[in-house]
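Student: Mind having a look at this structure? Questions to follow.
In the numbering used here, the protein residues as written are 236 to 436.
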C-alpha cells in the first residue's frame, strides 16, 4: 500500500502511508499478538510491551525516528537499504508461495469464511474508514491515504504470525493470497473513488 500511495498521491502521501502502517503495526504486535497467544487469558501490559521488542517493529521505529530528524543517510547505506527495500515484495511473494505449498495437505478453509473475511478486508474496512475520516478534521491528502490503505489486501505478516504462534496459518496464507487476487478487482474502483472524492492531492 505504501508504494501505491506514493505513486498516486505524491511524496508527502508516502510519508503519511508509512505513519499509517506504523500505527497499525503497533496494534498488530500488541493486541494482535496477545490475541494469538493461547496462554493469554487476559491482557498484561508487560506482555504487550515485550511483543514490541522484535526486529521488524524496532526497524520501523528506527526508520521513522531517523526520517523525523531530517538527516540524510550516507550514500552507501542509503543504497544498501534501497536495495533491501526493493527486494522485500518479491521475497514476501516467494515466502507466501512456499507457505501455500507447505499447507496444501491441511484442511482447506471453508470458502464462505474466506469470502466473508475478504469482504471485510477489501470492502467493509475502506467503507468504515471513509465514514471515520469524513467526520474528522483531516486534510484531503490524509483522508485519501487512510481510505486507500484500509482497502489493501491482507498482509503477508498475518500468515507469518499465525504460523509463529501455532494457529491456523493455512487460513492466514489463503486469506493473504485470496485478498491479493481479489484486490485486482476491488482496487481500481477504490482508487478511482478516492481520487474522485478527494481530488488530486
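Note that beta-carbon positions come from the ideal geometry of N, C-alpha and C, so glycine has one too.
For the region 378-393 against the region 344-363, do three or more pairs of beta-carbon atoms, one drawn from each stretch, fall closer than 8 angstroms, so that the two count as touching?
Tutor: As far as the Cβ criterion goes, the region 378-393 touches the region 344-363, which means the pair count is three or higher.
Student: Count the C-beta pairs between the region 403-418 and the region 344-353 that are closer than 8 angstroms, then say yes if the count reaches three, no if not.
Tutor: Taking 8 angstroms as the limit for Cβ pairs, the verdict is that the region 344-353 does touch the region 403-418.
Student: Quick test of your reading: residue 380 and residue 240, contact by CB under 8 angstroms. State the CB separation rounded to the nearest angstrom.
Tutor: Contact flag correct, Cβ pair sits at about 5 angstroms.
Student: Over what stretch of residues does the alpha helix (DSSP H) that includes residue 318 continue unbroken?
Tutor: First-last of the alpha helix (DSSP H) with residue 318: 310-337.
Student: On the criterion of 16 or more Cβ atoms from any shown chain inside 10 Å, does residue 433 qualify as buried, or is it exposed?
Tutor: So residue 433 ends up on the buried side.
Student: Quick one: grab the DSSP three-state call for residue 361.
Tutor: Residue 361: helix per DSSP, three-state reduction.
Student: Are the beta-carbon atoms belonging to residue 296 and residue 257 less than 9 angstroms from one another?
Tutor: Going by C-beta atoms, residue 296 is nearer than 9 angstroms to residue 257.
Student: Which of the three DSSP states, helix, strand or coil, is assigned to residue 284?
Tutor: DSSP places residue 284 in helix when its eight states are reduced to three.
Student: Evaluate residue 391 with the Cβ neighbour count: other Cβ atoms within 10 Å of its Cβ, from every protein chain shown; 16 or more gives buried, anything less gives exposed.
Tutor: Flag for residue 391 reads buried.
Student: Taking 8 angstroms as the cut-off, is the CB of residue 370 close to at least one heavy atom of the ligand FMN?
Tutor: Inclusion of the ligand FMN in the displayed structure is not the case, the ligand content being empty and no account of it being possible.
Student: Is the beta carbon of residue 311 sitting closer than 9 angstroms to the one on residue 357?
Tutor: No, Cβ-Cβ distance for residue 311 and residue 357 is not below 9 angstroms.
Student: Nearest to residue 398 by CA position, among 246, 253 and 335, is which residue?
Tutor: Comparing Cα-Cα distances from residue 398 to each of 246, 253 and 335, the minimum goes to 335.
Student: With distances taken between CB atoms, is the gap from residue 429 to residue 243 smaller than 9 angstroms?
Tutor: Yes.
Student: How far does the alpha helix (DSSP H) with residue 355 in it reach, from first residue to last?
Tutor: Per DSSP, residue 355 belongs to no alpha helix (DSSP H) and is neither H nor E.
Student: Taking just the CA atoms, how far does residue 370 sit from residue 252?
Tutor: Answer to the nearest angstrom: the Cα atoms are 20 angstroms apart.
Student: When the Cα atoms are used, what is the spatial distance from residue 309 to residue 289?
Tutor: One C-alpha to the other measures close to 25 angstroms.
Student: What is the rounded straight-line gap between the Cα of residue 263 and the Cα of residue 337?
Tutor: Each residue's Cα considered, the two are about 24 angstroms apart.
Student: To the nearest angstrom, report how far apart residue 267 and residue 404 are at their CA atoms.
Tutor: Each residue's alpha carbon lies about 14 angstroms from the other.
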